[in-house]
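Asks: Pasting a structure below so you can have a look.
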Amino acid sequence: MLEALLKPRSIAVVGASRTPGKVGYEILANLKANGFAGPLTPVNPTAPEILGLPCRPSCRAIETPPELAVIAVPTAAAPAAVDDAIEAGAGALIVITAGFKETGAEGAARERALAERCRRANVRLLGPNCLGLINAHHNMNASFAKHMPRRGGISVLSQSGALLTAILDWAAERRLGLSKLISMGNKADLSETDFLTALAEDPDTRVIVGYLESVNAGDAFLKAAEAAASVKPVVLFKAGVTAAGGRAASSHTGSLAGADVGYAAAFLRAGVVRAEQFETLFDIATAFDMQPLPKGNRIAVLTNAGGPGIMAADAIELSGLKMATIAPAAMAALKPKLPAAASVNNPVDVLGDADAERYGLALREMLKDDGIDAVIVILTPQAMTDAVATAQAIAEAAKASDKPVLASFMGGDDVKAGRAALTDARLPDYPAPERAVAAVKAMCDYSAWLRRPPRVVTRFPVNRRRVERIIQRHLRTGELQVGEAAAKDILRAYDFTIPAGALAGSADEAVEVAERIGYPVAMKVASPDIIHKSDLGGVKLNLASAEAVRDAYDLMLIRIRQKLPKARLGDVYIEQMCPRGREVILGMTRDPQFGPMLMFGLGGIFVEVMKDVAFHLAPITRDEALQMLESTKSFALLKGVRGQRSVDTLAIAEALQRISQLVTDFPQIAEMDINPFIVAEVGHPSVAADARITLAKE
Numbered sequence: 062m063l064e065a066l067l068k069p070r071s072i073a074v075v076g077a078s079r080t081p082g083k084v085g086y087e088i089l090a091n092l093k094a095n096g097f098a099g100p101l102t103p104v105n106p107t108a109p110e111i112l113g114l115p116c117r118p119s120c121r122a123i124e125t126p127p128e129l130a131v132i133a134v135p136t137a138a139a140p141a142a143v144d145d146a147i148e149a150g151a152g153a154l155i156v157i158t159a160g161f162k163e164t165g166a167e168g169a170a171r172e173r174a175l176a177e178r179c180r181r182a183n184v185r186l187l188g189p190n191c192l193g194l195i196n197a198h199h200n201m202n203a204s205f206a207k208h209m210p211r212r213g214g215i216s217v218l219s220q221s222g223a224l225l226t227a228i229l230d231w232a233a234e235r236r237l238g239l240s241k242l243i244s245m246g247n248k249a250d251l252s253e254t255d256f257l258t259a260l261a262e263d264p265d266t267r268v269i270v271g272y273l274e275s276v277n278a279g280d281a282f283l284k285a286a287e288a289a290a291s292v293k294p295v296v297l298f299k300a301g302v303t304a305a306g307g308r309a310a311s312s313h314t315g316s317l318a319g320a321d322v323g324y325a326a327a328f329l330r331a332g333v334v335r336a337e338q339f340e341t342l343f344d345i346a347t348a349f350d351m352q353p354l355p356k357g358n359r360i361a362v363l364t365n366a367g368g369p370g371i372m373a374a375d376a377i378e379l380s381g382l383k384m385a386t387i388a389p390a391a392m393a394a395l396k397p398k399l400p401a402a403a404s405v406n407n408p409v410d411v412l413g414d415a416d417a418e419r420y421g422l423a424l425r426e427m428l429k430d431d432g433i434d435a436v437i438v439i440l441t442p443q444a445m446t447d448a449v450a451t452a453q454a455i456a457e458a459a460k461a462s463d464k465p466v467l468a469s470f471m472g473g474d475d476v477k478a479g480r481a482a483l484t485d486a487r488l489p490d491y492p493a494p495e496r497a498v499a500a501v502k503a504m505c506d507y508s509a510w511l512r513r514p515p516r517v518v519t520r521f522p523v524n525r526r527r528v529e530r531i532i533q534r535h536l537r538t539g540e541l542q543v544g545e546a547a548a549k550d551i552l553r554a555y556d557f558t559i560p561a562g563a564l565a566g567s568a569d570e571a572v573e574v575a576e577r578i579g580y581p582v583a584m585k586v587a588s589p590d591i592i593h594k595s596d597l598g599g600v601k602l603n604l605a606s607a608e609a610v611r612d613a614y615d616l617m618l619i620r621i622r623q624k625l626p627k628a629r630l631g632d633v634y635i636e637q638m639c640p641r642g643r644e645v646i647l648g649m650t651r652d653p654q655f656g657p658m659l660m661f662g663l664g665g666i667f668v669e670v671m672k673d674v675a676f677h678l679a680p681i682t683r684d685e686a687l688q689m690l691e692s693t694k695s696f697a698l699l700k701g702v703r704g705q706r707s708v709d710t711l712a713i714a715e716a717l718q719r720i721s722q723l724v725t726d727f728p729q730i731a732e733m734d735i736n737p738f739i740v741a742e743v744g745h746p747s748v749a750a751d752a753r754i755t756l757a758k759e
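Using this note's numbering, count along the sequence shown one by one with no gaps and you end on 759.
Take a look at the structure:
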């Protein structure tokens, strides 16, 4: 729980200053002014007292050891100050001081030494190079930020101290309550993983919000985030990119896995709600903090203006939520309470002259409707609008229900007081309907994640020994590119359907293989130096005779030698032509933080041009595999459109699960593609027509 850091009984400010504006002065002043209840000691060897508090020359000179030492001294003095605090018995340190790894290699070495000193003493370290920490429920502002927030249920983690000061200023303007604000700085010891665990257990935190630029340990982060999200919402804004974006990728999957895909997949797995823009971070957080979770995704809109109601309806449909259908009983209850010109369909339009009572009556009836899971209330300021009274009427109606109500009071000065009344009543308010819809969408997605069935990862019976032999043979020879023939042997071991085929080292051998497996056949160049075969004319299809095979063999090798004279050539792969079906691409690439990521997409332009693909972390369940398929825009093509027959989507889901098992069993596999994977109708086998595997250097 990190009690000594988050709820210390006593604090020492090392480097406390008598000069207003200096960091050491502002931290001490904040702690004193905001009513920290425990012993508070400034440490300064040259001052007898600061702000009326007696000074001590060192932490060791304090009669009762401080539980928390906040260190704000010059960089050169920081190691000695840390040693002094540890020897005095401090349980936790906040090192405000900068000049560590953010300055280069020398600073990084200083930081490692500092962190190691704390680890040996079993003392937890926040920072260095941080703003500090605020716990509003503990009357503790151990930072040099200007504001102390009102008490609330939102706790904030941030790798940017400056961003926390902006959040504090914004929260003060909106009168929004916060619980804890934690500036992680350089994360020499404590990181987002530690704080996710601590805040998940914190009774004063209802929602965890975070600004992240990087994650220290992917596996630990995933476990901590999923555990936290299981008990309270975790809303994160991710800035920056991973190292994956800068590395060369030999496979389609690797090239399509952009810099941020790993984080998106990790957040999806862990149940983390991702804020795509910074402004939506607190849009979403306030909704979670102030309102109950919806039980479904059927949304109703209550408005006094047609245009904004249509805007909300559009946003609901575009976000994948459902516009609720008002039940006949609810419509019958609404009609006598509204003017004849009012609309009792969704959106419910109570007209521009609606007073507070009309809003309250309409909202009360809508919340009684079992077919409505959440309501967005829109108000535009008309001449007769009383924004404050309407806010109060909405709040009264919302109190009687366990369904979430979000408001969008559109305008400026005319609705300002009404918006403040909504905040006081713990109703989230947004300046535009689309932002309210985005917030309720996040609530619906998180609620659905909480209701998800238990994750059950299927383990298929496979031939692991066969795969081990193939991989070890390649690693012994230093050949990291696994050719098509060997890649397909690996897939056969994991029970993929593979067309009959074999390698041929001459035109005569090519004809012999073709006649054995039966015409027509495909011919593909097999060279460890050629990854993208079709780009060089290394693929010939529908060869229907011995003569065609001989001609194709000779011509293929001649042309490739002309284009790549140094390529190792000789073998070709002869294979049965695959049956017709829908071509999809399946693959895997390893994210440097989160490990193997599976990829699915339709072939052709859907991958090459539209980049319509889905990623998910392995290991994957059947339900998660199906969700990957459904998340692509082109999924409807698999289900059959304009007279086309549907294909076996369950076969794709099983193939993804088998890839998941393969790459989990063999971390030596760095990247792989099955492209195309030809999916047939239900009842017919789906076939891995081409495969490519890249191994990692040991």
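Just so it is clear, CB atoms sit at the ideal spot from N, CA and C, and this is done for glycine as well.
Name the two residues that bound the continuous beta strand (DSSP E) containing S721.
Replies: Where S721 is concerned, there is no enclosing beta strand (DSSP E), although the alpha helix (DSSP H) it sits in stretches over T710 to D726.
Asks: The alpha helix (DSSP H) spanning L395 covers which residue range?
Replies: P389 to L395
Asks: DSSP three-state label for M384, please.
Replies: strand
Asks: For N183 and V322, I'd like the C-alpha separation in whole angstroms.
Replies: 36 Å
Asks: What's the call for D485, buried or exposed, on a 16-neighbour Cβ count within 10 Å?
Replies: exposed
Asks: Whole angstroms are fine: how far does the CA of K241 sit from the CA of R512?
Replies: 28 Å
Asks: Taking 8 Å as the cut-off, does the stretch 379 to 387 touch the stretch 432 to 447 (at least 3 CB pairs, one atom from each stretch)?
Replies: Yes, since at least three Cβ pairs between the stretch 432 to 447 and the stretch 379 to 387 fall closer than 8 Å, the two stretches touch.
Asks: Within the present structure, is the beta-carbon of K356 separated from the nearest heavy atom of the ligand HEM by less than 7 Å?
Replies: Absence of the ligand HEM is noted for the structure shown, with no ligands found whatsoever.
Asks: For R70, name the three-state secondary structure that DSSP assigns.
Replies: Residue state, collapsed to three classes: coil.
Asks: Classify K601: buried if its beta carbon has 16 or more other beta carbons within 10 angstroms, exposed otherwise.
Replies: buried
Asks: Assign F97 to one of two classes, buried (16 or more other C-beta atoms within 10 Å of its C-beta) or exposed (fewer than that).
Replies: buried
Asks: Evaluate contact between the stretch 173 to 191 and the stretch 205 to 214, counting only Cβ atoms and requiring at least three cross-stretch pairs below 8 Å.
Replies: no
Asks: Since S221 sits in a beta bridge, which residues does DSSP pair it with?
Replies: Per DSSP, none; premise fails for S221.
Asks: Taking the continuous alpha helix (DSSP H) assigned at P369, which residues delimit it?
Replies: G367 to L379
Asks: Could you say if the stretch 743 to 756 and the stretch 558 to 578 meet the contact criterion of at least three C-beta pairs nearer than 8 Å?
Replies: yes
Asks: How should A374 be labelled, buried or exposed, when 16 other C-beta atoms within 10 angstroms of its C-beta is the threshold for buried?
Replies: buried
Asks: State the beta-bridge partners of D652 as determined by DSSP.
Replies: G656
Asks: Pull up the distance between the alpha-carbon of A548 and that of R753, whole angstroms please.
Replies: 6 Å
Asks: Give the DSSP bridge partners of K241, in chain order.
Replies: N196
Asks: Note down the Cα distance separating A565 from V633, rounded to an integer number of angstroms.
Replies: Cα-Cα distance, rounded: 5 Å.
Asks: Among the residues of its own chain, which have a CB less than 7 Å from the CB of S606, if the five just before and after it don't count?
Replies: Y580
Asks: Quick test of your reading: S244 and L192, contact by CB under 8 Å. State the CB separation rounded to the nearest angstrom.
Replies: 4 Å
Asks: If you reduce the DSSP assignment to three classes, tell me which class I437 lands in.
Replies: strand
Asks: Near E163, which residues of its chain fall below 6 Å by C-beta distance, leaving aside the five closest residues on each side in sequence?
Replies: N190
Asks: What separation, rounded to the nearest whole angstrom, lies between the Cα atoms of A346 and E715?
Replies: 37 Å
Asks: Note down, in chain order, each residue of its chain lying with its Cβ closer than 6 Å to the Cβ of Y86, except the 5 sequence neighbours on either side.
Replies: Cβ within range, chain order: S78 and T80.
Asks: Using the Cα positions of P369 and R335, report the straight-line distance between them to the nearest angstrom.
Replies: 26 Å
Asks: Can you list, in chain order, the residues of its chain whose CB lies under 8 Å from that of D410, leaving out five sequence neighbours each side?
Replies: T364, N365, A366, G367, G370, A403 and S404
Asks: What are the complete beta strand (DSSP E) segments, minimum 3 residues, inside the stretch 581 to 608?
Replies: 582 to 587 and 600 to 604
Asks: Relative to the C-alpha of S291, which candidate in P492, K299, T266 and A261 has its C-alpha closest?
Replies: Selected option, being the one with the closest Cα: A261.
Asks: Please report how far the alpha carbon of E742 lies from the alpha carbon of R525, in whole angstroms.
Replies: One C-alpha to the other measures close to 29 Å.
Asks: Consult DSSP for A450 and reduce its assignment to one of helix, strand or coil.
Replies: helix
Asks: With a Cβ-Cβ cutoff of 8 Å, do K68 and N196 count as a contact?
Replies: Closer than 8 Å, so yes.
Asks: Can you list, in chain order, the residues of its chain whose CB lies under 8 Å from that of I72, leaving out five sequence neighbours each side?
Replies: For I72, same chain residues with a beta-carbon under 8 Å away, outside a window of 5 residues either side, are L92, F97, G99, P100, L101, T102, P127, E128, L129, A130, V131, M201 and A203 in chain order.
Asks: By Cβ distance, which residues of its chain are closer than 8 Å to D709, with the 5 residues on each side in sequence left out?
Replies: The beta carbon of D709 sits closer than 8 Å to the beta carbons of V740, A741, E742, V743, G744, H745 and S747 from its chain, once the five residues preceding and following it are set aside; these are given in chain order.
Asks: Can you look up L511 in the DSSP assignment and give me helix, strand or coil?
Replies: helix
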